[in-house]
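See structure below.
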């Protein structure tokens, strides 16, 4: 449904997006994940035809966005980061205007407005001026606008940015409800967003795609090692040295220490469950074992690992070479 | 065409949903009213004086066209419009850029030209309302006197063309910035320069002087002011409109590349 091939976008000397390629299948929900300024918005703006690519090709529903922009735009709904609303119009006036410029046939405009107002839960404010609505409502009006011509492709730039927690949950549910009928690309720099709404994730940093996969896949592929958290009471240095000797353990790092209690983060080779061995080592040395648990990498950790790699500040730099370049 | 009308309607509604339309109309009506009163009062005093001196015996009465309508339309209005057109055009693109709605327009299945023409026509419609307001005053002369309608028609056509040229250029200036004030000030400064440009030709001669004089927006109004419609003047103003629209299109296109 969306094909992006070798997309590069320069703003003068600045490289905003560098040789990005990906495809989105019909009905799929794809999440763009990356820190601010990573190139998410630029990529989306090229897909929607707002910016022209410096190099590369983008096709939406089979139409090249540069060569047949009108056909591509007819099939695309776009919600920019700031909802593109006219504050002095009422919701109905605004949706009617958007419907007209999106090419909705005149006799269908009324029914389309009713449909999207209901879908986006703005029916109770249709006669209010948009400028007087709360941010949450404005965002929903923005979403209604993107849906008015029933586009095959929906591009949503940070659809939950600036909303309160309740509104975020509502918006997520709305987006999930749209999946299947529409092909959706959404961007976010908030991680739980991605695992909650997207089937596939592209992690983008400094204009390049650094990883892709389902949220689960990403978690799995990135865990080149297993991590165990262990809390015990005893002499810190001796305990650490003893834990290091357990077979399969790569690295032991102290995390917190309070009184004589110490929490260690133990990294073991992949596929080794070292928990039993660790427990025995502590108990046999007559120290007190207080807590022992495995710690999965959260999406947050992965994100940090991937996006801070170039700065060399990742929590662990040794294992990443195996996971980057998945694409 | 449907798209052009949709955009034009949106622009016109935006003017009337904001103070701009009312501000522009009030300023126009007030200035026009002041000068109309002043010219009419002078006219009345003058014609009484001529009659009192008995000099008017057999001579035709003073022409309403020459003493009131022409100075009003060709003199006062060309300056008032210089002032008001920037107020009309400054928001056309600057406001869309600031509020982000430009993204909606540029990602909708519209050609850039449809958006530009829609905006231009919307602004032109408000301007036409202003020009139509002139008849509120001039109509008074028709009620109580009998001025000649033909030169008036030429003058009104001239005003429409002159305003259209300024609107097209003002729209172009509005694409440069997110800041409406900047767009308005630049437009006003340029208009003022175009207005006074042929003053320098009064003292010069030769080719450069001819070119400057030809480019002056006001020079081409002279014939309309006299009540004469000269095709070359019409062509000049229409060319400026086309140029303004072309430059706007280039500027909007540059927004997409921005590099």
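Protein chains in written order, with the numbering used here: chain C, 1 to 327; chain A, 1001 to 1259. Beta carbons are placed, not taken as given, at the ideal position from N, Cα and C, and that holds for glycine.
Three CB pairs or more closer than 8 Å across the segment 51-60 of chain C and the segment 85-102 of chain C: no
Length of the line joining the Cα atoms of residue 1125(A) and residue 1045(A): By 1-based counting over the second chain, the position of residue 1125(A) is 125. By 1-based counting over the second chain, the position of residue 1045(A) is 45. Cα-Cα distance, rounded: 38 Å.
Candidates 1101(A), 1145(A) and 1155(A): closest to residue 142(C) by CA position: For the purposes of this step, residue 142(C) is taken as the residue at position 142 of the first chain. Closest by alpha carbon: 1101(A).
Opposing strand residues paired with residue 208(C) [DSSP bridges]: Translated into the one-based positions of the first chain, residue 208(C) becomes position 208. Note: residue 208(C) sits in a beta bridge opposite 205(C).
Segment contact flag, the segment 14-22 of chain C with the segment 198-212 of chain C, C-beta cutoff 8 Å, min 3 pairs: yes
Separation of residue 1229(A) from residue 66(C), as counted between CA atoms: As a first step, residue 66(C) is located in the first chain; it is residue number 66 there, counting from the start. As a first step, residue 1229(A) is located in the second chain; it is residue number 229 there, counting from the start. Near 45 Å, if we compare the C-alpha coordinates of residue 1229(A) and residue 66(C).
Any C-beta of chain C under 8 Å from that of residue 1184(A): In the second chain, counting from the first residue as 1, residue 1184(A) sits at position 184. Not closer than 8 Å to any Cβ of chain C, the Cβ of residue 1184(A) fails to qualify, so no.
Sequence-distant residues of its chain with Cβ nearer than 6 Å to residue 310(C) (five each side left out): Locating residue 310(C) in the first chain gives position 310, where the first residue counts as 1. Confidence at residue 310(C) is low in this model, with a pLDDT of 46, below 50, so its placement is unreliable and the value that follows should be read with caution. Excluding sequence neighbours, residue 310(C) sits near nothing in its chain.
Buried/exposed call for residue 1237(A), threshold 16 Cβ in 10 Å: For the purposes of this step, residue 1237(A) is identified with residue 237 of the second chain, where counting begins at 1. When all chains shown are included, residue 1237(A) counts as buried.
CB contact below 8 Å: residue 32(C) versus chain A: Position 32 of the first chain, counted from the first residue, corresponds to residue 32(C). No, residue 32(C) lies away from the interface with chain A (no Cβ there is under 8 Å from its Cβ).
Close beta carbons around residue 321(C), own chain, < 8 Å, minus the five adjacent residues each side: To locate residue 321(C), count along the first chain from 1; it is residue 321. With a pLDDT of only 36 at residue 321(C), under 50, the local geometry of the prediction cannot be trusted, and no value is derived from it.
Sequence ranges, beta strand (DSSP E) only - wholly within the segment 10-87 of chain C, length at least 3: 14-24, 29-33, 55-60 and 76-79
Residue 1004(A): first and last residue of the uninterrupted alpha helix (DSSP H) it sits in: Locating residue 1004(A) in the second chain gives position 4, counting from the first residue. Counting along the chain, the alpha helix (DSSP H) containing residue 1004(A) begins and ends at 1002-1017.
Sheet register partners of residue 256(C) (DSSP bridge): Position 256 of the first chain, counted from the first residue, corresponds to residue 256(C). Partner(s): 263(C).
Sufficient close CB pairs (3 or more, under 8 Å) joining the segment 1002-1016 of chain A to the segment 1116-1125 of chain A: yes
Per-residue contacts from residue 80(C) into chain A (C-beta, under 7 Å): Translated into positions along the first chain, residue 80(C) becomes position 80. Neighbours of residue 80(C) on chain A, chain order: 1100 and 1103.
Contact list for residue 1014(A) against chain C, beta-carbon separation under 9 Å: Numbered from its first residue, the second chain carries residue 1014(A) at position 14. Ordered by position in chain C, the residues that pass the 9 Å Cβ test against residue 1014(A) are 86, 88 and 89.
DSSP-derived helix/strand/coil call for residue 164(C): Taking the first chain and counting its residues from 1, the one referred to as residue 164(C) is at position 164. DSSP places residue 164(C) in coil when its eight states are reduced to three.
8 Å Cβ cut-off: residues of chain C touching residue 1017(A): Position 17 of the second chain holds residue 1017(A). What residue 1017(A) touches in chain C: 88 and 89.
Start-end ranges of the alpha helix (DSSP H) lying completely within the segment 1119-1147 of chain A, minimum 4 residues: none
Partner residues on chain C for residue 1007(A), Cβ-Cβ distance less than 8 Å: Numbered from its first residue, the second chain carries residue 1007(A) at position 7. Result: 101.
Residue 187(C) in three-state terms, based on DSSP: Indexing the first chain from 1 puts residue 187(C) at position 187. Strand, per DSSP.
One or two residues paired with residue 213(C) in a DSSP bridge: Here the question's residue 213(C) lines up with position 213 in the first chain. 201(C), per the DSSP bridge assignment.
Buried or exposed (CB count within 10 angstroms, at least 16 for buried), residue 1231(A): Taking the second chain and counting its residues from 1, one reaches residue 1231(A) at position 231. When all chains shown are included, residue 1231(A) counts as exposed.
Interface partners of residue 98(C) on chain A, CB under 8 Å: Here the question's residue 98(C) lines up with position 98 in the first chain. Residues of chain A passing the Cβ test: 1104 and 1108.
Candidates 1216(A), 1116(A), 1098(A) and 1155(A): closest to residue 1011(A) by CA position: If you number the second chain from 1, residue 1011(A) lands on position 11. Considering only alpha carbons, the answer is 1116(A).
Beta carbon proximity, residue 160(C) to chain A, threshold 8 Å: Looking up residue 160(C) in the first chain gives position 160. False, the Cβ-Cβ gap to chain A never drops below 8 Å.
Beta-carbon proximity check, residue 1256(A) vs residue 1178(A), cutoff 8 Å: Translated into the one-based positions of the second chain, residue 1256(A) becomes position 256. Translated into the one-based positions of the second chain, residue 1178(A) becomes position 178. No, these two residues do not count as a Cβ contact at 8 Å.
8 Å Cβ cutoff met for residue 1137(A) and residue 1033(A): Here residue 1137(A) refers to the residue found at position 137 when the second chain is read from its first residue. Here residue 1033(A) refers to the residue found at position 33 when the second chain is read from its first residue. Contact flag set, yes.
Residues that residue 73(C) contacts on chain A, provided the C-beta gap is smaller than 7 Å: Start at 1 with the first residue of the first chain, and residue 73(C) comes out as number 73. By Cβ distance, chain A contributes 1107, 1108 and 1109.
Option in 1095(A), 1131(A) and 1009(A) with minimal Cα separation from residue 1024(A): Counted from its first residue, the second chain places residue 1024(A) at position 24. Residue 1024(A) has its Cα closest to that of 1131(A), out of 1095(A), 1131(A) and 1009(A).
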